[in-house]
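Sequential numbering from 1 applies to the sequence shown in full-length UniProt numbering.
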Amino acid sequence: MPHPVPVLQLPEVYSPLVLSDETERVKALGTKFEKMYHHKPAFIARAPGRLNMIGEHIDTSGYSVFPMAIERDVLMAASYMPGPGDLRVVLANVASRFSHTSFSCDLTKPESLHLLTMTTHRWANYFMVALRGLLDDFPPEVRQNTHGVLHVLVDGTIPPESSLSSSAAMTTASSLVVIMAFGMHDCIDRKRLTEKATSSERLIGVSTGGMDQAASVFGEMGKALYVSFAPTLHTEPIQMPKWEEYLFLITNTLIKSDKKANAPTQYNLRVVELRIAAYLISRELGVQISSPSPFPSQLRAIADAYWEANPNELEEIMRVYEDVRMAYNDAGKEVAQLQAMLNIVEKFLPRRGLTREELEQLTGLSSEAFHHEFLSQVPVHASHFYPHHRAFHVYSEAQRVLRFRAICDTASKKLQSGEACDVHGAYVRLGHVMNESHESLRNMYDCSCPELDLIVHIGRQAGALGSRLTGAGWGGSAVHLVPRDRLEDVKTAMRNMYYSMRIGYMTENNLSEAMFVTDPTQGACYLSL
């Protein structure tokens, strides 16, 4: 089987900077498990959070992204004890704010899995949907013969609602537990795990695109990931040029970004606005998607279909539009095509908020048809929709991902071949791309907040080459690209100008949780006991 989830020793998972602390943490988890359940865990599953360097809110449209796995993670110690009756799952969490809970189910009857509604127990839904999502991959004999008790103890170091994908790490780690406990480790590889973890999280009500899960599963120590989704999921590790001299500092605004609770007015609403934009563009261009697409009715599928149907169109466009010609000369065909799509967005989509009635007229759909096409899949709440702004962000952000990767590739190739390379100049350009991304997320995607804008401003003024929100936005965290010799300047500015003024007194331990440097780290695995 290609690419199974690995079983690794701790030094293969954590950097020397945190290895000692993480070793003690793993030992403590095993001890707590044994004290709680009166037997030792059979295994420990690990899934990291992720930091997205560039490529925000475009995975749902099928465009590539550039994240990395981080050292903050979710650990689940577990053991399965066969017995009579239905399967009973007992869940406990090291953090006291998450109440211990349990549920029973018959794996031959998926409908027996009901999401928990009590607030203190809802965290267990991530495990429940992971189990539900994997059932279709289990042979009938496994579903029929799985009875007894599954004990699980969770320990997470990813701050919740911080935009560092604690939810994806929870779903992925839960999937790992289910796979190993029920003997499916040799049957489900990392690609399938990513697909199942993504679809499982959607059962909770979040229209996630797959970036978070891909980064959590496929991360590699010391490398970022270039994740593409079309025609199928593909990850490529990317070596950052002399990355040890340039650090990624994460700063948590401590404004909670609850992607699920606010989905109808934030995350899921943006997904709907993008589908509306894709519909309007395809109608104007007369595009028909002839081949199956992994992202039907999305901006990527519309653009790909347009260029497939008009293979010579780009040359004609470049004769007329200087910006498209310059994009081609600067970064190649894909970037030029995206620039052309930006021009199409500017031409055909109104640059303002549109009411539902206006959109029904523009789409040519009746009220009932409009609801069925755009509003029936996930609940959303809005008086106005902004398809122009959302589409403009997606196409421009997709450009930025390609530019970001091209800068990394060019610098790395020069260093490997021994050519002269202005590494600092390369990182300055990477920082500029990150800054552009934040401006688009703030102004076009409207997913920033005053605290994020402030913390980004402080970072740039104190010496960061680039600062931007990372993750869903509307709170959560920002990421700063910082030369190593400017790190303390940036951290001091954050402490004095944000945390002390906005939050008040914070202990050093609190500060280390809110503001920390991370290295690219190993993805999902089982820890060797």
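Glycine residues also receive a C-beta, built at the ideal position from the N, C-alpha and C atoms.
Among the options, nearest to residue i - alpha-carbon criterion
| i | options | result |
| --- | --- | --- |
| residue 384 | 372, 354, 315 and 75 | 354 |
| residue 485 | 72, 247, 316 and 359 | 247 |
| residue 412 | 237, 109 and 303 | 237 |
| residue 394 | 298, 262 and 197 | 298 |
| residue 274 | 453, 19, 63 and 498 | 63 |
| residue 9 | 33, 17, 37 and 46 | 46 |
| residue 324 | 344, 305, 308 and 309 | 344 |
| residue 149 | 320, 474, 377 and 87 | 87 |
| residue 173 | 44, 367 and 376 | 44 |
| residue 126 | 196, 289, 145 and 276 | 196 |
| residue 513 | 33, 476, 201 and 108 | 476 |
| residue 419 | 410, 427 and 425 | 410 |
| residue 497 | 528, 457 and 446 | 457 |
| residue 107 | 97, 96 and 131 | 131 |
| residue 444 | 29, 56 and 5 | 56 |
| residue 244 | 427, 144, 226 and 404 | 427 |
Contact check, residue i vs residue j, beta carbons under 8 Å
| i | j | result |
| --- | --- | --- |
| residue 358 | residue 400 | no |
| residue 102 | residue 90 | yes |
| residue 133 | residue 203 | yes |
| residue 154 | residue 76 | yes |
| residue 482 | residue 242 | no |
| residue 124 | residue 116 | yes |
| residue 69 | residue 215 | yes |
| residue 494 | residue 466 | no |
| residue 165 | residue 50 | yes |
| residue 441 | residue 335 | no |
| residue 363 | residue 279 | yes |
| residue 271 | residue 470 | no |
| residue 478 | residue 251 | yes |
| residue 163 | residue 473 | yes |
| residue 177 | residue 142 | no |
| residue 549 | residue 487 | Residue 549 lies beyond the range of the chain shown here (1 to 529); nothing can be said about it. |
| residue 71 | residue 15 | yes |
Neighbour flag for residue i against chain B, beta carbons, 8 Å
| i | result |
| --- | --- |
| residue 474 | No chain B is part of this structure, which consists of one protein chain only. |
Start-to-end residues for the alpha helix (DSSP H) that takes in residue i
| i | result |
| --- | --- |
| residue 431 | 423-443 |
| residue 155 | First-last for residue 155: 148-156, but that is the beta strand (DSSP E), not the alpha helix (DSSP H). |
| residue 404 | 387-417 |
| residue 363 | 356-363 |
| residue 326 | 322-331 |
| residue 211 | 211-218 |
| residue 526 | Element bounds for residue 526: not the alpha helix (DSSP H) but the beta strand (DSSP E), 525-527. |
| residue 280 | 267-285 |
| residue 367 | 367-370 |
| residue 225 | Not the alpha helix (DSSP H): residue 225 falls in the beta strand (DSSP E), residues 224-228. |
| residue 459 | 450-462 |
| residue 203 | No alpha helix (DSSP H) holds residue 203; DSSP gives it neither H nor E. |
Residues near residue i in its chain [Cβ-Cβ closer than 7 Å; skip 5 each side]
| i | result |
| --- | --- |
| residue 191 | 3 and 233 |
| residue 284 | 348 |
| residue 223 | 237, 238, 239 and 520 |
| residue 188 | 137 and 179 |
| residue 365 | 373 |
| residue 110 | 132 and 135 |
| residue 276 | 359, 374, 385 and 387 |
Sequence-distant residues of its chain with Cβ nearer than 6 Å to residue i (five each side left out)
| i | result |
| --- | --- |
| residue 53 | 66 |
| residue 261 | none |
| residue 429 | 407 |
| residue 58 | 394, 397 and 398 |
| residue 13 | 522 |
| residue 256 | 161 and 475 |
| residue 282 | 302 |
| residue 305 | 287 and 289 |
| residue 468 | 434, 437 and 438 |
Cβ shell of residue i (< 8 Å), same chain only, five flanking positions each side left out
| i | result |
| --- | --- |
| residue 489 | 462 and 463 |
| residue 491 | 249 and 515 |
| residue 11 | 19 |
| residue 314 | 307, 324, 328, 333, 336, 337 and 340 |
| residue 318 | 324, 325, 328 and 336 |
| residue 78 | 41, 42, 43, 44, 45, 150, 151, 152, 153, 177, 180 and 181 |
N- and C-terminal bounds of the beta strand (DSSP E) containing residue i
| i | result |
| --- | --- |
| residue 234 | 234-238 |
| residue 250 | 246-252 |
| residue 497 | Where residue 497 is concerned, there is no enclosing beta strand (DSSP E), given that its DSSP letter is neither H nor E. |
| residue 468 | 466-470 |
| residue 480 | 477-483 |
| residue 517 | 515-518 |
Residue i: CB within 7 Å of a non-hydrogen atom of the ligand NAP
| i | result |
| --- | --- |
| residue 270 | The ligand NAP is absent from the structure shown, which contains no ligands of any kind. |
Runs of beta strand (DSSP E) lying entirely within the UniProt domain "Galactokinase N-terminal" (32-79), each at least 3 residues, in chain order | As far as the UniProt domain "Galactokinase N-terminal" (32-79) is concerned, its whole beta strand (DSSP E) runs of at least 3 residues are 43-54.
Which residue spans inside the region 80-125 form an unbroken beta strand (DSSP E) run of at least 3?
-> 87-93 and 101-105
Please specify which runs of the beta strand (DSSP E), each continuous and at least 3 residues long, are wholly inside the region 128-200, giving them in chain order.
-> Secondary structure within the region 128-200: the beta strand (DSSP E) runs of 3 or more consecutive residues, fully enclosed, are 148-156 (chain order).
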